[in-house]
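The sequence shown begins at 173 in the working numbering and counts up by one. Okay, structure first, notes after.
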Amino acid sequence: MLKEQFDLIINVEENVEFWYARDLQGKLGYTEWRNFEDVINKAMIACKNSGFQVTDHFVKVNKMVEIGSEAKRKIEDYKLTRYACYLIAQNGDSQKPQIAFAQTYFAVQTRKQEVIEDRIKLMNRLEARDRLRESEKQLSKNIYERGVDDKGFAIIRSKGDSALFGGLNTSQMKTKYGVKDNRPLADFLPTLTIVAKNLATEMTNHNVTEENLYGEESISGEHIQNNLSVRSMLGKRGIKPENLKPAEDLKKLERRVKSEEKRIARNKKLPK
């Protein structure tokens, strides 16, 4: 289990938890030190740009390691606070599964598995919302080039919602969830529904360009069919999107995540 691997390399000095970069390197999937040190340098820049003292979180040290036949040599290493490790994970290769886990592991102040799992769910929802935002932005651009204005885009999106939510359009779903008119419905949808909307939107983006669809009517019809297809797929698994409970306001969630990150940075510094 990844959690146990990160737990095993924790060090404590003057009641402050820290990690050695050389220990962390392998756990994050990096085989070469020079590549990992590039990530450390990026994390240091991020630390400085956030207004924190780099040396409070990254302390360069020299270590003696055995190289065989009782011989030893000196190597460079870093002592890293939890915040430093978090920044390293944020600047690491996101394709590595270890990096994705570490971003959450080091953001959590306790090593309790249930807390880590809960935060992973929250971060997954934020990431899903970001993907939907980009997909809708691309759709807006695609259809603008094909004779549809902002008002037309809103109509197309609402008709898509109506198809996905069993006849309830965007406005009606907002009323059902208690969402204010000036807030996006997607900011209150559970992760599953956000992913469903994103899939339908990506399908529309693909077919609009591949089939060179033009005008509000043809694009609207395409978006409706894609949302109906996604709804049908969910229905086969007994899921009706309109019956799922609303989730926490993503704006509040984003503020809480940022607040937690600042608290991580200020929590404890490495002793000098």
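Backbone N, C-alpha and C define an ideal beta-carbon position, used for all residues, glycine too.
Run through DSSP, which three-state label would residue i get?
| i | result |
| --- | --- |
| E382 | helix |
| E244 | Position check: residue 244 holds Lys in this sequence, whereas Glu was assumed. K244: strand per DSSP, three-state reduction. |
| L340 | coil |
| L361 | coil |
| D353 | coil |
| K412 | coil |
| D333 | helix |
| D322 | helix |
| K251 | strand |
| E389 | helix |
| K417 | coil |
| E394 | helix |
| E426 | helix |
| E317 | coil |
Rounded to whole angstroms, how far is the Cβ of residue i from the Cβ of residue j, which I believe are closer than 8 Å?
| i | j | result |
| --- | --- | --- |
| A368 | L340 | Going by Cβ atoms, the distance from A368 to L340 rounds to 14 Å, so no, they are not a contact pair. |
| F360 | D421 | 6 Å |
| T373 | L311 | 6 Å |
| P362 | A279 | Not really, about 22 Å apart at Cβ, beyond 8 Å. |
| G338 | K412 | 6 Å |
Express the C-alpha separation of residue j and residue i in angstroms, rounding to a whole number.
| i | j | result |
| --- | --- | --- |
| D249 | R428 | 33 Å |
| S307 | S392 | 16 Å |
| R449 | H378 | For residue 449 there is no data in the structure shown, the boundaries of the chain being 173 and 444. |
| V226 | K220 | 6 Å |
| N370 | S431 | 28 Å |
| Y192 | K251 | 5 Å |
| S456 | E176 | Lying before the first or after the last residue shown, residue 456 is absent from the chain, which here runs from 173 to 444. |
| F273 | Y258 | 10 Å |
| E414 | E389 | 25 Å |
| A256 | S222 | 12 Å |
| F325 | V380 | 13 Å |
| R305 | M295 | 15 Å |
| L416 | P269 | 29 Å |
| L425 | A218 | 22 Å |
| Q267 | K309 | 24 Å |
| R403 | D302 | 21 Å |
| D210 | M405 | 44 Å |
| V164 | R206 | The chain is shown from 173 up to 444; residue 164 falls before or after that span and cannot be answered. |
With distances taken between CB atoms, is the gap from residue i to residue j smaller than 7 Å?
| i | j | result |
| --- | --- | --- |
| A300 | I366 | yes |
| N398 | M375 | yes |
| Y386 | G319 | yes |
| T203 | H229 | no |
| I292 | T276 | yes |
| I271 | L200 | yes |
| K346 | L364 | no |
| K244 | E238 | yes |
| N263 | K232 | no |
| F208 | Q197 | yes |
| H395 | I328 | yes |
| E195 | I182 | First, the amino acid is wrong: residue 195 is Asp here, not Glu. No. Outside cutoff. |
Using a Cβ-based criterion (distance less than 6 Å to any ligand heavy atom), does residue i qualify as near the ligand HEM?
| i | result |
| --- | --- |
| G407 | Summarising the ligand content, the structure contains no ligands, and the ligand HEM is consequently not present. |
| request: Pick out the complete alpha helix (DSSP H) segments inside the region 255-313, 4 residues or longer, and give them in chain order. | output: With a minimum length of 4 residues, the continuous alpha helix (DSSP H) runs that stay inside the region 255-313 are 269-277.
| Segments assigned beta strand (DSSP E), at least 3 residues, entirely inside the region 176-246 | Fully enclosed beta strand (DSSP E) runs of 3 or longer: 183-185, 188-192 and 230-240.
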